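First the structure, in the form of structure tokens, and then the observations on it.
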Amino acid sequence: VVGPNGSGKTTLFKTILGVIPPLDGEITFAGKQVKTTIDRNWARSSIGYVPQGRNRGKLPLTVEEMVLLGRWGSHFSCFRRPGTDDWSKTQEALEIMDLTNLKKRDCRNLSGGEYQRAVIARALAREASLLLLDEPTTFLDLQSRQEFITLLTDLREELGLSILIVSHHREELENLTDRVLLLEREKRGALL
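Numbering (this note's numbering), first residue to last: 224 to 415.
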């Protein structure tokens, strides 16, 4: 999804996630219309969302703890502690994202690229079938951007993930995407 600031890219993601109700039309996920709170919760449990920005929070979480939280709500909650399967999926996600050597590091001390990998590992631990990435390369240098795009391409091919990306850098996404949705202010989107 490409477009200028204020064209509705992030709003589109929030609508898909059920945070904002659609003004018109409908949201369909995995062949099912998403209308009610139950539908939104079901859809949300299959979506891994990586928001834009560098807000890492103030909690002293290790990478492993942050990735484990990806299972919160869909696999365990405050009424059920993480089980063996939760820890197993967390370790698997850490391995896929090449973060096992950083799993005890405080998330606040990661580089931009390491943090982005950790956030995606959190989505993978959730067993998401769809990744929504909101400007994931914004704070990365050129080399880190290229490595990140290669990583996403590998994830898409190896895990069969669907990936929806908001970006200002259409050219760097060309090898990753099947389609581009161009949003403009006050106009309907055009599929390129």
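All residues carry an ideal CB built from backbone N, CA and C; glycine is no exception.
Remember, it's a predicted structure, so these values are computed and weren't measured experimentally.
The beta strand (DSSP E) enclosing residue i, as first and last residue numbers
| i | result |
| --- | --- |
| residue 335 | Careful: residue 335 lies outside any beta strand (DSSP E), inside the alpha helix (DSSP H) at 335-348. |
| residue 224 | Note, residue 224: premise wrong, no beta strand (DSSP E); not H, not E. |
| residue 387 | 385-389 |
| residue 273 | 270-273 |
Beta-carbon separation (whole angstroms), residue i vs residue j, contact threshold 8 Å
| i | j | result |
| --- | --- | --- |
| residue 275 | residue 358 | 4 Å |
| residue 335 | residue 367 | 6 Å |
| residue 371 | residue 363 | 6 Å |
| residue 251 | residue 389 | Not quite, the Cβ-Cβ distance comes to about 20 Å (not below 8 Å), so this is no contact. |
| residue 387 | residue 224 | 7 Å |
| residue 231 | residue 267 | Going by Cβ atoms, the distance from residue 231 to residue 267 rounds to 20 Å, so no, they are not a contact pair. |
For residue j and residue i, the rounded distance between their alpha carbons
| i | j | result |
| --- | --- | --- |
| residue 402 | residue 345 | 26 Å |
| residue 295 | residue 394 | 35 Å |
| residue 408 | residue 258 | 26 Å |
| residue 378 | residue 353 | 11 Å |
| residue 397 | residue 303 | 43 Å |
| residue 285 | residue 323 | 11 Å |
| residue 313 | residue 392 | 31 Å |
| residue 243 | residue 273 | 17 Å |
| residue 186 | residue 227 | Any question about residue 186 goes unanswered here, given that the chain covers just 224 to 415. |
| residue 308 | residue 235 | 33 Å |
| residue 237 | residue 305 | 28 Å |
| residue 269 | residue 292 | 14 Å |
| residue 415 | residue 385 | Low local confidence applies: a pLDDT of 49 at residue 415 is under 50, so the model's placement there is unreliable, with the coordinate-based value given in what follows. Their Cα atoms are separated by approximately 18 Å. |
| residue 380 | residue 399 | 10 Å |
| residue 329 | residue 239 | 31 Å |
| residue 283 | residue 332 | 10 Å |
| residue 339 | residue 271 | 13 Å |
| residue 289 | residue 369 | 25 Å |
| residue 355 | residue 326 | 23 Å |
| residue 404 | residue 281 | 35 Å |
| residue 375 | residue 247 | 31 Å |
| residue 264 | residue 361 | 29 Å |
| residue 406 | residue 229 | 9 Å |
Run of the alpha helix (DSSP H) containing residue i, from where it starts to where it stops
| i | result |
| --- | --- |
| residue 308 | 307-319 |
| residue 357 | Taken as a continuous stretch (DSSP letters only), residue 357 belongs to no alpha helix (DSSP H), being part of the beta strand (DSSP E) at 353-357. |
| residue 239 | 232-239 |
| residue 382 | 365-382 |
| residue 288 | 286-291 |
Does the segment 334-345 touch the segment 312-323, meaning 3 or more C-beta pairs lie closer than 8 Å? The answer is yes - the segment 334-345 touches the segment 312-323, with three or more Cβ pairs under 8 Å.
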